[in-house]
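In my numbering, the protein residues as written are 2 to 499.
In structure tokens, the structure reads:
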């Protein structure tokens with residue numbers, strides 16, 4: 002079944018819209034799952050902090066108890082050193098433990114209870130030491146042997162064991178959730194990539210099918226209308242150019258859009274691999290080696306941000322390519338409004354807009370030599386064409402001489418006007434004369450900003466006005482762009498539509 006132009010436009014617009022939606026879905030899903038992974042990692046750190054703080058606190062109380070008993074047995078002040086260090090650090094250690102424990106809601110009820118038990122135990126130790134220092138060792142030993150202190154310490158150990166068990170369960174849950182988020186991120190990226198490749202393949206099939214039909218139509222016209230007048234020849238040339246542009250567009254869509262996608266897929270795999278040293282460090286726990294800790298720290302500090310940065314850069318590149326394609330597409334659909342334009346004033350206005358950039362150096366400037374006073378065409382398109390070409394002449398100036406630009410208008414054959422914009426810039430290699438008009442393609446040294454859509458946009462506008470644009474240039478010898486436009490766009494459209 003033949004593909005109509007309306008179907009071609011509609012299907013490619015739909016495919017492009019679906020591709021954008023899929024791309025946005027990939028970006029949104031990646032951001033969401035990355036945030037979830039970071040949240041779970043925070044929970045892992047919190048659980049480990051509880052374990053560490055709990056171990057420090059129970060060790061501190063045990064040191065205090067050891068120092069107390071040694072002093073009571075020997076009445077030697079040297080045995081009080083562990084007890085005194087424990088008393089000095091108890092409040093700070095208890096505060097750090099409470100701050101870590103509140104991150105796990107399941108043990109919130111035990112915090113106050115255990116805090117009170119710890120304070121009671123430290124008070125009991127302090128009272129026995131104080132009695133012994135005053136010489137009442139019998140009273141101190143009576144407190145020690147009545148069993149209350151032992152029972153209190155046993156309760157403290159039991160509560161700490163429950164807290165450690167719950168924090169261990171929370172740690173395992175957070176690790177499992179983090180691994181699940183990473184797995185979902187990988188599958189979301191893979192599925193999105195497959196869908197995007199599918200959209201690109203469908204768009205390529207549509208474009209190639211339409212291109213083949215255009216080629217067949219051109220062959221039939223040539224076979225049936227050999228020897229027709231100039232108007233038919235012009236139509237045929239237009240079809241050939243359209244065919245070439247569609248083929249280039251198909252290549253750009255399948256190649257330039259796929260390259261960032263491949264980067265996203267590659268760095269997503271790299272991101273997945275980066276989590277392995279972190280998992281190893283977490284699983285090792287307290288037994289982790291310095292090498293494991295350093296590998297986990299390097300992954301968090303360097304590898305993960307680098308991979309995420311490359312993924313973001315690739316998505317921005319895809320967004321820029323899509324926006325450029327949409328810009329060219331919109332220009333092709335814009336309704337032209339032919340009107341009588343003073344061509345001399347239009348050229349002078351375009352030159353005045355950039356004259357300050359060209360005349361800033363001795364010998365620099367822009368000359369306008371117009372021998373065609375008026376033309377009927379679309380004003381917006383003409384202004385954009387002249388502005389783009391003059392901007393390029395300024396941008397790609399030669400660094401060793403002042404910029405000189407000449408704008409000339411002359412009458413040409415077959416009711417056309419010729420507009421030439423000549424500069425003395427750095428020039429363009431002959432091999433790149435056609436390439437510079439392709440979308441996302443640039444020539445020469447890339448030391449200026451740009452996306453490679455300016456001249457492609459200019460050619461689209463010129464052809465929409467019924468004309469064509471060519472270039473003459475040599476490296477180091479400047480460049481001349483020649484534009485051929487019909488003197489009367491309205492008359493030209495009536496002839497071509499007849």
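Positions of the beta carbon are idealized from the N, C-alpha and C atoms, including for glycine.
**Request:** Could you check what DSSP says for residue 373 in three-state terms: helix, strand or coil?
**Result:** Looking up residue 373 in the chain shown gives position 372. If DSSP states are grouped into helix, strand and coil, residue 373 belongs with coil.
**Message:** I need the straight-line Cα distance from residue 203 to residue 480, nearest angstrom please.
**Reply:** Position 202 of the chain shown, counted from the first residue, corresponds to residue 203. Position 479 of the chain shown, counted from the first residue, corresponds to residue 480. Approximately 40 Å between the Cα atoms of the pair.
**Asked** Three or more beta-carbon pairs under 8 Å between the region 342 to 362 and the region 459 to 466, yes or no?
**Response** no
**Asked** Is residue 278 helix, strand or coil by DSSP?
**Response** Here residue 278 is taken as the residue at index 277 of the chain shown, counted from 1. In this structure, residue 278 counts as helix in the three-state DSSP scheme.
**Separation of residue 471 from residue 219, as counted between CA atoms** = As a first step, residue 219 must be located in the chain shown, where it is residue number 218. As a first step, residue 471 must be located in the chain shown, where it is residue number 470. So the two alpha carbons sit approximately 23 Å from each other.
**Message:** Between which residues of its own chain and residue 420 is the CB-CB distance below 6 Å, once the five residues before and five after are set aside?
**Reply:** Residue numbering aside, residue 420 sits at position 419 when the chain shown is read from its first letter. Answer for residue 420: 410, 484, listed in chain order.
**Within 8 Å, strictly: CB atoms of residue 492 and residue 378** = Position 491 of the chain shown, counted from the first residue, corresponds to residue 492. Position 377 of the chain shown, counted from the first residue, corresponds to residue 378. Against a cut-off of 8 Å, the Cβ pair of residue 378 and residue 492 comes out as no contact.
**Request:** Could you work out which residue in 123, 147, 197, 32 is closest to residue 182 when comparing CA atoms only?
**Result:** Within the chain shown, residue 182 is the residue found at index 181, counting from 1. The candidate whose alpha carbon is nearest that of residue 182 is 32.
**Request:** Measure the C-alpha to C-alpha separation of residue 454 and residue 192 and round it to an integer number of angstroms.
**Result:** Sequence index remark: in the chain shown, residue 454 carries index 453 (1-based). Sequence index remark: in the chain shown, residue 192 carries index 191 (1-based). Each residue's alpha carbon lies about 31 Å from the other.
**Prompt:** Just checking, does the region 73 to 90 make contact with the region 123 to 142 on the three C-beta pairs under 8 Å criterion?
**Reply:** yes
**The beta strand (DSSP E) enclosing residue 413, as first and last residue numbers** = As a working note, residue 413 is residue 412 in the chain shown. Taken as a continuous stretch (DSSP letters only), the beta strand (DSSP E) holding residue 413 covers 405 to 413.
**Item:** Cα-Cα separation between residue 403 and residue 368, rounded to whole angstroms
**Value:** Position 402 of the chain shown, counted from the first residue, corresponds to residue 403. Position 367 of the chain shown, counted from the first residue, corresponds to residue 368. Spanning the two alpha carbons is a distance of roughly 14 Å.
**Request:** Measure the CB-CB distance between residue 406 and residue 394 and report whether it falls below 8 Å.
**Result:** Here residue 406 refers to the residue found at position 405 of the chain shown. Here residue 394 refers to the residue found at position 393 of the chain shown. Going by C-beta atoms, residue 406 is nearer than 8 Å to residue 394.
**Prompt:** Under the three-state reduction of DSSP, which class applies to residue 228: helix, strand or coil?
**Reply:** Here residue 228 is taken as the residue at index 227 of the chain shown, counted from 1. Annotation note: pLDDT 45 at residue 228 (below 50); position unreliable, coordinate value reported separately. Three-state result, residue 228: coil.
**Message:** For the region 152 to 163 against the region 50 to 61, do three or more pairs of beta-carbon atoms, one drawn from each stretch, fall closer than 8 Å, so that the two count as touching?
**Reply:** yes
**Prompt:** Alpha carbon to alpha carbon, how far is residue 114 from residue 45?
**Reply:** Sequence index remark: in the chain shown, residue 114 carries index 113 (1-based). Sequence index remark: in the chain shown, residue 45 carries index 44 (1-based). The straight-line gap from Cα to Cα measures roughly 25 Å.
**Request:** Report the partner residues of residue 345 according to the DSSP bridge assignment.
**Result:** Reading the chain shown from its first residue, position 344 is the one you call residue 345. In DSSP, residue 345 forms no bridge with anything.
**Message:** Between 372, 339, 427, 337, which has its C-alpha nearest residue 346's C-alpha?
**Reply:** On the chain shown, position 345 is the one that residue 346 refers to. Nearest option by C-alpha distance: 372.
**Request:** May I ask you to list the residues that DSSP assigns as paired with residue 340?
**Result:** As a position in the chain shown, residue 340 is number 339, starting the count at 1. Paired residues: 378.
**Request:** Go ahead and pull the three-state DSSP assignment for residue 469.
**Result:** The count along the chain shown starts at 1 and reaches residue 469 at position 468. If DSSP states are grouped into helix, strand and coil, residue 469 belongs with the strands.
**Request:** Taking residue 129 and residue 69 to be in contact with their CB atoms under 8 Å, please state how far apart those CB atoms are, rounded to whole angstroms.
**Result:** Here residue 129 is taken as the residue at index 128 of the chain shown, counted from 1. Here residue 69 is taken as the residue at index 68 of the chain shown, counted from 1. Yes, they are in contact, since the Cβ atoms of residue 129 and residue 69 sit about 6 Å apart, within 8 Å.
**Asked** Apart from the five residues just before and just after residue 145, which ones in its own chain have a Cβ nearer than 7 Å to its Cβ?
**Response** On the chain shown, residue 145 is found 144 positions in, with the first residue counted as 1. Excluding residues within five positions, the ones whose Cβ falls inside 7 Å are 73, 129.
**Request:** Have a look at residue 101 and residue 112 and give me their C-alpha separation to the nearest angstrom.
**Result:** On the chain shown, position 100 is the one that residue 101 refers to. On the chain shown, position 111 is the one that residue 112 refers to. Each residue's Cα considered, the two are about 10 Å apart.
**Asked** Nearest-angstrom Cα distance between residue 287 and residue 312?
**Response** Here residue 287 corresponds to residue number 286 of the chain shown, with the count starting at 1. Here residue 312 corresponds to residue number 311 of the chain shown, with the count starting at 1. In a straight line, the C-alpha of residue 287 is about 34 Å away from that of residue 312.
**Request:** In angstroms with no decimal places, state the Cα-to-Cα distance between residue 133 and residue 149.
**Result:** Stepping through the chain shown from its first residue, residue 133 is reached at position 132. Stepping through the chain shown from its first residue, residue 149 is reached at position 148. Roughly 18 Å separates the two Cα atoms.
**Message:** For residue 156 and residue 166, what's the separation of their Cα atoms in angstroms?
**Reply:** As a working note, residue 156 is residue 155 in the chain shown. As a working note, residue 166 is residue 165 in the chain shown. So the alpha carbons of these two residues sit roughly 15 Å apart.
**Message:** For residue 228, which residues in the same chain have their Cβ closer than 8 Å to its Cβ, ignoring the five residues on either side in sequence?
**Reply:** One-based indexing of the chain shown puts residue 228 at position 227. The predicted model places residue 228 with a pLDDT of 45, which falls under 50 and marks its position as unreliable; any figure quoted below should be read in that light. Answer for residue 228: no residue qualifies.
**Message:** Let me confirm a value: residue 103 is counted as buried when at least 16 other C-beta atoms fall within 10 Å, else exposed. Which label applies?
**Reply:** The count along the chain shown starts at 1 and reaches residue 103 at position 102. Under this definition residue 103 is an exposed residue.
**Request:** Could you pull out every residue in the same chain whose Cβ sits closer than 8 Å to the Cβ of residue 153, ignoring the five residues on either side in sequence?
**Result:** On the chain shown, residue 153 is found 152 positions in, with the first residue counted as 1. Contacts found: 118, 121, 122, 125.
**Message:** To the nearest angstrom, how far is the alpha carbon of residue 465 from that of residue 388?
**Reply:** Numbered from its first residue, the chain shown carries residue 465 at position 464. Numbered from its first residue, the chain shown carries residue 388 at position 387. Approximately 17 Å between the Cα atoms of the pair.
**Item:** Simplified DSSP state of residue 83, which is helix, strand or coil
**Value:** In the chain shown, residue 83 corresponds to position 82, counting from 1. Residue 83 falls in the helix class under three-state DSSP.
**Asked** Hey, quick one: how far does the beta strand (DSSP E) through residue 418 stretch, first residue to last?
**Response** On the chain shown, position 417 is the one that residue 418 refers to. Unbroken beta strand (DSSP E) run through residue 418: 417 to 424.
**Prompt:** Taking just the CA atoms, how far does residue 266 sit from residue 357?
**Reply:** Along the chain shown, read from residue 1 onward, the residue named residue 357 stands at position 356. Along the chain shown, read from residue 1 onward, the residue named residue 266 stands at position 265. When rounded, the distance between both Cα atoms is 47 Å.
**Item:** Cutoff 7 Å; reference residue 351; Cβ partners in own chain excluding five residues on either side
**Value:** As a first step, residue 351 is located in the chain shown; it is residue number 350 there, counting from the start. Here the set comprises 384, 387, 388, 391.
**Asked** Does the Cβ of residue 179 have 16 or more other Cβ atoms within 10 Å, making it buried, or fewer, making it exposed?
**Response** Here residue 179 refers to the residue found at position 178 of the chain shown. It counts as buried.
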